[in-house]
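K.L.:
Numbering (this note's numbering), first residue to last: 9 to 610.
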């Protein structure tokens, strides 16, 4: 990291200048295969899933937190009708500092020039509205994690930038891991921040945009379900729309992909909920679907020009785009663009061969497991002499109940870890083979440890040989265990199309980030600018003036790339909608309340 100056632009007059740190105090990318992270995330997911099924927080908030039917952004701060509106969409953020801050820095610019694939440069404006599209923090939601991984990067980017945007947030599954407590505290209580202004009071919202456009944000919770109060809310919103109005629908998950690639996961239930909301509640087809949850960019389009866009590149580790294949959808949507390209994604998967380098603490775990599995066997072998065959090791496994039990648990654990998207048969075969590979590797290392300790220490005192064998087993397990896991993930993804999440979460790739910048012009056209950053900066220096963000990219990091367009801007025109199908609302009509920028909303 390069050395930077120590001038603090926030020094209080008369009190001197406070020293500025040489590097931002940010968090590193989450190491998902760190045993402590796995344990904490697993417990949080189990608890939130169990409690979330029994007590839906959204039902209580609907009663306790009144919210305007919609926020009106058709007029500016002075009350004049807007001729155009810019807004930004960022999903799956709040991971490592480099990736999250790189996106925040691009979003915070008052004006951002973006070069397209054809060489054309497009000048865009920073959005007056900022939408977080789900999973605002990793690995699990808490006040500390939100502050360090989400709030801090955006405050540093916005501190000396343009006027603070109005923020609206959609919760994802990671936001639900603490029962939505921290999410509601941060985004739904009108809290002011250096980075943004919040207005929503619930985990879902509706915004009336200029030129007959609407932006709706849903909360599908952990069960991929839209609750009754939320349906009732959007029913009343739909009554405010005419047949010419158009909707941008923000969901935390891309149901159009999950329904196709996870047929065994019950995702069709999610698709039915979205279809119900789209057809029976809104009464018209949505023009643009936006979603995150998959940490890459993918755009599908049908013949009518309607868009389904995944843009989950706000800061979390990259997800693959080469598998599983979703080139076409049964309802007429075709894949138009991916970022990164599938061939790049396939090539990046090979990094799993260096699994240990990305996940050293996982090596500690496998080292301990291998040592525990083989130490009892090698102790018995050492007591009988310095020289043994692999058959002796197998016999020792059968006669040692502790090692035999640990081997069975290891195979069962790998079976539970195996991806079931190709069906139960694949999970059984892949899980058992993977588990057996670790057991065989541990036994081979036991044989080698016994042979090496015997050769070095001879047939004398067995205690020294036992200690030496245990250390050799740990070292071997530290190296071999993660390598086997990496090979398993590489083959699973590139050959069988399984474990896309695990194969890339293990790599924690901070690059290939993306977000969407959108514009509604005076003619009612919606233009989507998909912004990509191929390589985020790894080095930062303090901003030089009060007009700069707190941290800027260090020019010495020559490998970093500037934001650019993933593809040429996508234009969505207003086309006539189908006849309204809205049924009778189940509650009285609620009067829409105008949105007052910067003011209270309830």
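Glycine included, C-beta positions come from ideal geometry on N, C-alpha and C.
#1: Counting along the chain, where does the alpha helix (DSSP H) carrying residue 125 start and finish?
#2: Out of 221, 229, 204, which has the shortest C-alpha to C-alpha gap to residue 212?
#3: Skipping 5 residues on each side, what residues in its chain have a beta carbon closer than 6 Å to that of residue 317?
#4: Under a three-way DSSP split, which group does residue 496 fall into?
#5: For residue 219, is the classification buried or exposed, using 16 other Cβ atoms within 10 angstroms of its Cβ as the cut-off for buried?
#6: Tell me whether the beta-carbon of residue 5 lies closer than 8 Å to the beta-carbon of residue 147.
#7: Taking the beta carbon of residue 108 as the centre, do at least 16 other beta carbons fall within 10 Å, making it buried, or is it exposed?
#8: Using the Cα positions of residue 171 and residue 569, report the straight-line distance between them to the nearest angstrom.
#9: Nearest-angstrom Cα distance between residue 485 and residue 533?
#10: So which of 445, 579, 538, 186 has the shortest CA-CA distance to residue 51?
#11: Just verifying my parser: in three-state terms, what is the DSSP assignment at residue 543?
#12: Using a threshold of 8 Å, state whether the C-beta atoms of residue 6 and residue 428 are closer than that.
#13: Does the segment 512 to 520 come into contact with the segment 407 to 421, if we say contact requires no fewer than three beta-carbon pairs (one atom in each stretch) closer than 8 Å?
#14: At 4 residues or longer, what runs of the alpha helix (DSSP H) sit wholly inside the segment 332 to 381?
#15: Take residue 565 and list the residues in its own chain whose beta-carbon comes closer than 7 Å to its own, dropping the five residues that flank it on each side.
#16: Quick check on the DSSP output: what are the complete beta strand (DSSP E) runs of length 3 or more inside the segment 167 to 236, in order along the chain?
#17: What number of angstroms, rounded off, separates the C-alpha of residue 473 from the C-alpha of residue 462?
#18: Taking the alpha carbon of residue 541 as the point to measure from, which residue in 567, 549, 554, 556 has its own alpha carbon closest?
#19: What residues are listed by DSSP as bridge partners for residue 96?
#20: Report all residues from its chain with a CB closer than 8 Å to the CB of residue 164; omit the five preceding and five following residues, and keep chain order.
#21: Name the one or two DSSP bridge partners that residue 79 has.
#22: Per the DSSP calculation, residue 89 is bridged to which residue(s)?
#23: Just verifying my parser: in three-state terms, what is the DSSP assignment at residue 146?
#24: Give the C-beta separation of residue 374 and residue 346 to the nearest angstrom, bearing in mind that I take them to be a contact with Cβ-Cβ under 8 Å.
#25: From the DSSP output, in three-state form, read off residue 297 for me.
#26: For the alpha helix (DSSP H) that residue 509 lies in, which residues bound it at each end?
#27: Do we get a CB-CB distance below 8 Å when we pair residue 510 with the residues of chain C?
#28: Under 8 Å between the Cβ atoms of residue 206 and residue 175?
#29: Suppose you measure from the CA of residue 204 to the CA of residue 321; what does that come to, to the nearest Å?
P.N.:
To lay it out plainly:
#1: In the DSSP assignment, residue 125 falls outside any alpha helix (DSSP H) and carries neither an H nor an E.
#2: Looking at the Cα atoms, 229 is the closest of the given residues.
#3: Same-chain partners within the cutoff: 298, 307.
#4: Note: residue 496 maps to helix in three-state DSSP.
#5: So residue 219 counts as buried.
#6: In the structure as shown, the chain starts at 9 and stops at 610, and residue 5 therefore has no counterpart that could be examined.
#7: Residue 108 comes out buried.
#8: Their backbone Cα atoms lie some 26 Å apart in a straight line.
#9: Residue 485 and residue 533 have their C-alpha atoms some 59 Å from each other.
#10: Cα-wise, what sits closest to residue 51 is 186.
#11: Taken through DSSP and simplified to helix, strand or coil, residue 543 comes out as coil.
#12: The requested residue 6 is not part of the displayed model; the chain covers only 9 to 610.
#13: Pairwise C-beta distances place the segment 512 to 520 out of contact with the segment 407 to 421, as fewer than three of them are shorter than 8 Å.
#14: Listed in chain order, the complete alpha helix (DSSP H) runs (minimum 4 residues) inside the segment 332 to 381 are 350 to 357, 363 to 366.
#15: Excluding sequence positions up to five before and after residue 565, its CB lies within less than 7 Å of the CB of 545, 546, 547, all in the same chain and listed in chain order.
#16: Runs found: 174 to 177, 213 to 217, 221 to 225.
#17: Approximately 7 Å between the Cα atoms of the pair.
#18: Ranking 567, 549, 554, 556 by Cα distance to residue 541 puts 567 first.
#19: Residue 96 pairs with 138, 525.
#20: Correct list, in chain order: 32, 109, 112, 557, 558, 559.
#21: 215.
#22: Bridge partners of residue 89: 83.
#23: Of the three classes helix, strand and coil, the one that applies to residue 146 here is coil, per DSSP.
#24: Between residue 374 and residue 346, the beta carbon gap of about 34 Å keeps them out of contact (Cβ cut-off 8 Å).
#25: DSSP places residue 297 in strand when its eight states are reduced to three.
#26: Per DSSP, the continuous alpha helix (DSSP H) segment holding residue 509 begins and ends at 508 to 513.
#27: This model lacks chain C altogether, as it is built from one protein chain only.
#28: Result yes, Cβ atoms of residue 206 and residue 175 sit closer than 8 Å.
#29: Rounded to whole angstroms, residue 204 to residue 321 spans 20 Å at the Cα level.
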